[in-house]
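Presented below is the structure to which this report refers.
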Amino acid sequence: MMHHALRPHPDRSSLMTPERHQRAMELFNAAVGLSPVERPSFVRRACGADVDLMDEVASLLTWDAPTHPGDSSSEDGRADEDVGRGQIPGRIGPYDVADQLGAGGMAIVYRARQAHPERFVALKVLRTGGADSLSSQRFKREIDVLARLRHPGIAQIYDAGTANDGGAVVSYFAMELVEGEPLTTFADAQFLDRNQRLQLLIRVCEAVEYAHQRGVIHRDLKPANILVEKADGAGRPRVLDFGIARLLEPHEAGSAFVTREHRIVGTLAYMSPEQLNGDHAIDTRADVFALGAVGYELLAGRTPLDVSCLSMISAIGRIRSQTPPPLGQLQPVCRGDLSLIFDKALAKDPQERYASVAAFAEDLRAFLENRPIQARALGRLYLFRKFSQRNPLTVALVGLSLITLIAGTVGTSLGLLAARRANLELQDQLAQTTDSARFLVREVVARLDAVAGTAEVRRAMLERLLAQIEDLRRRDPRNLNLMEDHAVVFTCISDVLFPTDRLNEALDLRHKALDLYRELADLDPQSPARKAAVSIALVKEGDVHKALTQWDLAREHYERAYAIDQELVASEPDSIWFLDDLAWSHDRLGQLAMILGELDEAERHFRSRLAINHRLLELAPDRHATRHGIVSINTLLAELAQRRGDEDSRESHLRAAYAAAERLAAELPHHRLYVEVLCHASRDLGTFLAGSQNAADAKPYLDRAVQLAARLHALDPGDVHTLNVYADTLLYRGQMFLAQGDRALADADSQMARQLSAGVQDGSTKGQQSPAASRTRSAP
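For the sequence shown, my numbering assigns the number 47 to the initial residue and increments by one for each residue that follows.
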C-alpha cells in the first residue's frame, strides 16, 4: 500500500527544484518521440555533465508506459495484487499470517490473525530488500500518520514493531482489516441514487477533514482507497492507505509546504495540477481537488479527464491544460448548483477552489437541503429561489400575496416614474419589480409543477400573475422580456389544463403563446434562440391538435417546427441542441405517420432520426441522452418492422436497442431511468425470441429483465410504476415458461405478479410515478 512514483536518490532530491523539474519534463517530451535506441545518446547530449538532470529524465522515460499511467503510485497493494507474491510466512511477531492481500515495491500486506484480542488484521510488512533509509522513513511516517488518527471513517492502526522473519529483522504494523468495496463499486452495486451518493461523499469528506485538522494530507484519495462496508443496512466509507501522506507541523496546518522530494506521487486521474509539479508547495486543497474528482466519478460514472490510455507525460499535459466537461453536462440530475460545486472543487487554481474540505462538504450539505451554496454569488432572488425549493407549498401561498404586492409596487413606481422619468433609482425599482414577476414565472411555478396536488394553486397563481404581466406590458409595451414572460405564462396555464382534458382552452392559450413567440422572432430575426422558441411553441400547439385527433392540423404544426429545426441545423451544423431538436421533429412526424398507417413515411423519419443520433454521438460521445435516443428509435423501428411482418428487421432493431441500452446502463449503472430502459429492452428482445424459432435463447434476456425489474422495485417498494414494471415482466417470462411446457415456473411467476398487483389494489403503494415512469417518445 506504500506509494511512490519517481523514486529519488536521497542525496539528490533536494537538488531537483521545480524549475529543473520543468526542464526535465521538456527534455523528456523531446526524447519520448525518439526510438528507444536513440534516446540514451540524446539524453546524454542534452544533459551534459548534469547527472541529476540526466537521472530525472531517465526516470521519466522509465515510467512512460501507456499501460497503467493513470496511477503513478504503483505500490498500492490492491492494484498490484500479484506483485511479489511468493512464499507466505507463517508468523510475523504475534500475528499468524493467513494470506497475502497485496504487494508493492516497498511493502507487502497480509491478512493475519491476532490471538489477543482475537481478530483478523491487515499486517503491513516492509520488504527486506526495500528497507533503505528512504523506504524506512516513509514506512515510519505512515505509522506516525496513522497514530494521529482516530476516526470512524479512517482505518485504525493497532500495533507496530519489528520481528524476525527467516533470520532478517523486518518492520511491520498491524491495522484494522476493512472488508468492503471501493466507493464507486459499492454505490453502483447498491443502485444508490444521486443524493445517497452525495451523503457517502460527505462522510468521506468528514474523515479527510479530521485528518487535515491533525496535520495530515492524504495526497492519494481515489475510489480504490475508500472502501465502503455494509453497516446496519447502510454504507460506511473508510479511508485507507496513508502511504504517501504528508505531515504538517501544527503551525503549518492549512498552509502550504514544500516537500523534500520534488516528485510526482499520487494517482494521476485524481491529482491536482499543483501536485503534478512535483509536490511543490501543496496544501490541503490538493485533497479538495481529489475529492472533487472522486465525487465527479461517483456521480458521472467517469473521471473528470480520461487519462487511462495515455503515457504519463501525455496524461500530465491533459490534466494541466484541459478543463473537464461540467458535471451537469454528463448527468442532467446534477445540473445547476451541484455542477457549480464540482466546478469549484476541481478548479485548476487552488485559490479558486474551496479553502478546505469542510467548506466543500458544507456546500454539498447545502445542496441536499436546498440551502444557498457558497459556490454561487448570493443574490436576493437566488436566496429566495433556494427557500422556494425547500418550501414550495409555502411559497405558493405566499406567492399569491406577493403578486398583489408586486402590483402595488408597480403602480406606485410607475406613477412616480411618470413624474420623474430621469430618476434612475426609480427605473431600477421598476426593473427589480419586473425581475420579481419573472422569478415567480420561471422558478416558483416551475418548482410547483413537480409537487403533487398543486395544480389548482399553480393555476390561481398563474392567472393572478397573468393579469399583472398584462398590466406591466400595457405600461412598458417594448419590454421584450415581459413579452416573453407573457408567452411563458400562457404556456404554463395551458400545461395545467392539458392533463384535465380541457383541450380547447389549452389550445387557445398555446395559440396566444405562439403568436407572441412569432412576434419576438420578427423583432429579433437574427436570434437562433427566438426561432427555436417558435419551433417549441408550434410543437406545443400541435400536441393539442394530436390529442384532439386533428391529424392534419397536428402534422401542419409539426412540419412547420421541423422546417425551423432544419434551418437552425443548417446555420449551426454542429450544434448539439439544434440537432437534438431536429431529431425529435423526425420522431414526432414518424410517430404521427405510423398512427395514420403511412409506414414508408414513418420509416423515413425514423431513419433520419437514427442518423442524427449517430451524428450526435460523434460530436459528444459521452452524451447519455443520445444513447437513450438510439434505444428509443430502434424500438420504434422494431415496432414498424413488426407491423410490416419483417421479423428479421424487427430482431435486428431489438438487438440494436438492447446493445445501446446495455452500454448505457453499464456507463451509468446507478441511473434508474437507464436501468429501466435496459429492463424494457431485455424484455422486448426476450419476448420476441420466445415467439420465434430461437425460443431457447429467450430465457437469459427475460431472466435479466426480471432481475432488473426486481432491483428497481426493491429500491422503492411503494412506487406504483416500478411495481407494475416488475409484475408485467414476470407475466412476460411466465408466458415463455408456459410456451415451453414448464407450468410450475409459469405459475410461480404468475402468482408473484398477482401478489404485486394486489399491493396496488389494496392501496399499500404510493401513487406517484417514479423518475422512470414513462417510455414516452414525444418531445421533451
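Cβ atoms here follow ideal geometry from the backbone N, Cα and C, with glycine treated the same way.
No experiment lies behind these values; they were computed from the predicted model shown.
Between the beta-carbon of residue i and the beta-carbon of residue j, is there less than 7 Å?
i                 : j                 : result
leucine 314       : valine 262        : no
cysteine 380      : leucine 386       : no
arginine 265      : isoleucine 248    : no
phenylalanine 288 : glutamate 188     : yes
valine 167        : alanine 158       : yes
valine 274        : phenylalanine 232 : yes
valine 535        : leucine 508       : yes
leucine 345       : glutamine 377     : yes
glycine 338       : alanine 391       : yes
leucine 246       : proline 269       : no
leucine 635       : histidine 660     : no
aspartate 633     : arginine 655      : yes
aspartate 211     : proline 135       : yes
arginine 348      : proline 319       : no
isoleucine 539    : leucine 555       : yes
valine 865        : valine 250        : The structure shown does not extend to residue 865, since the chain is modelled only from 47 through 826, so no value can be given for it.
arginine 260      : arginine 196      : no
serine 573        : tyrosine 608      : no
Could you check where the beta strand (DSSP E) with residue i kicks off and where it finishes?
i              : result
asparagine 239 : Note that residue 239 is aspartate in the sequence shown here, rather than asparagine. Looking at the DSSP string, aspartate 239 is not in any beta strand (DSSP E), and its letter there is neither H nor E.
lysine 276     : 272 to 277
valine 224     : Unbroken run through valine 224: none, as it is neither H nor E.
glycine 207    : 203 to 211
proline 283    : 280 to 285
Check each candidate in the options and name the one with the smallest Cα separation from residue i.
i                 : options                           : result
threonine 230     : Leu645, Arg701, Arg669 and Glu343 : Glu343
alanine 773       : Gln781, Leu761 and Ala755         : Ala755
glycine 281       : Pro198, Phe335, Ala332 and Arg260 : Pro198
alanine 629       : Asp730, Ile272 and Arg653         : Arg653
leucine 584       : Ala760, Ser573, Arg564 and Ala421 : Arg564
leucine 748       : Leu714, Arg709 and Tyr704         : Tyr704
lysine 394        : Arg331, Gln739 and Leu414         : Arg331
phenylalanine 783 : Arg69, Leu345, Asp743 and Ala600  : Asp743
asparagine 241    : Ala736, Ala412, Asn770 and Val766 : Ala412
isoleucine 328    : Arg292, Leu351, Thr349 and Val340 : Arg292
glutamate 847     : Leu665, Val721, Glu722 and Thr733 : Only positions 47 to 826 of the chain appear in this structure, which leaves residue 847 out of reach.
threonine 537     : Ala751, Pro370 and Leu512         : Leu512
valine 171        : Glu222, Ala209, Ala552 and Arg399 : Ala209
aspartate 730     : Val771, Arg718 and Arg669         : Val771
proline 86        : Ala104, Ala70 and Asp96           : Ala104
alanine 235       : Leu714, Thr681, Leu776 and Val542 : Leu714
valine 590        : Ser617, Asp611 and Asn550         : Asn550
alanine 671       : Met640, Pro396, Leu761 and Tyr720 : Tyr720
leucine 599       : Ala609, Gly588, Ile622 and Ala607 : Gly588
methionine 221    : Glu602, Pro370 and Gln160         : Gln160
alanine 575       : Gln375, Arg673, Val752 and Phe624 : Phe624
Could you please give the first and the last residue of the uninterrupted alpha helix (DSSP H) stretch that includes residue i?
i              : result
glycine 338    : 331 to 346
leucine 714    : Segment: none, leucine 714 is in no alpha helix (DSSP H) and carries neither H nor E.
glycine 737    : Unbroken run through glycine 737: none, as it is neither H nor E.
alanine 95     : Alanine 95 -> no alpha helix (DSSP H), and no H or E assigned at all.
aspartate 574  : Looking at the sequence itself, residue 574 is proline, so the reference to aspartate does not match. First-last of the alpha helix (DSSP H) with proline 574: 574 to 593.
proline 746    : 744 to 761
glycine 636    : 622 to 641
arginine 673   : 670 to 690
leucine 614    : 597 to 617
methionine 529 : 526 to 543
valine 403     : 403 to 414
arginine 650   : 645 to 665
Checking the sheet assignment: what are the DSSP bridge partners for residue i?
i              : result
alanine 168    : Arg157 and Met221
glutamine 514  : Beta-bridge pairing links glutamine 514 to no other residue.
glutamine 146  : Tyr156
isoleucine 138 : Tyr141
arginine 37    : Since the first residue of the chain shown is 47 and the last is 826, residue 37 is not available in this structure.
valine 215     : Asn210
isoleucine 200 : Val285
isoleucine 248 : DSSP output for isoleucine 248 lists no bridge partner at all.
Segment contact, 8 Å Cβ cut-off, at least three pairs: the segment 588 to 597 with the segment 572 to 579: no
Inter-stretch contact (C-beta, 8 Å, three-pair minimum) for the segment 518 to 530 and the segment 565 to 577: yes
Sufficient close CB pairs (3 or more, under 8 Å) joining the segment 360 to 367 to the segment 688 to 707: no
Cβ pair count under 8 Å reaching 3, the segment 706 to 716 against the segment 682 to 693: no
Contact the segment 253 to 261 vs the segment 195 to 209: 3+ CB pairs below 8 Å: Contact holds: three or more Cβ-Cβ distances are below 8 Å.
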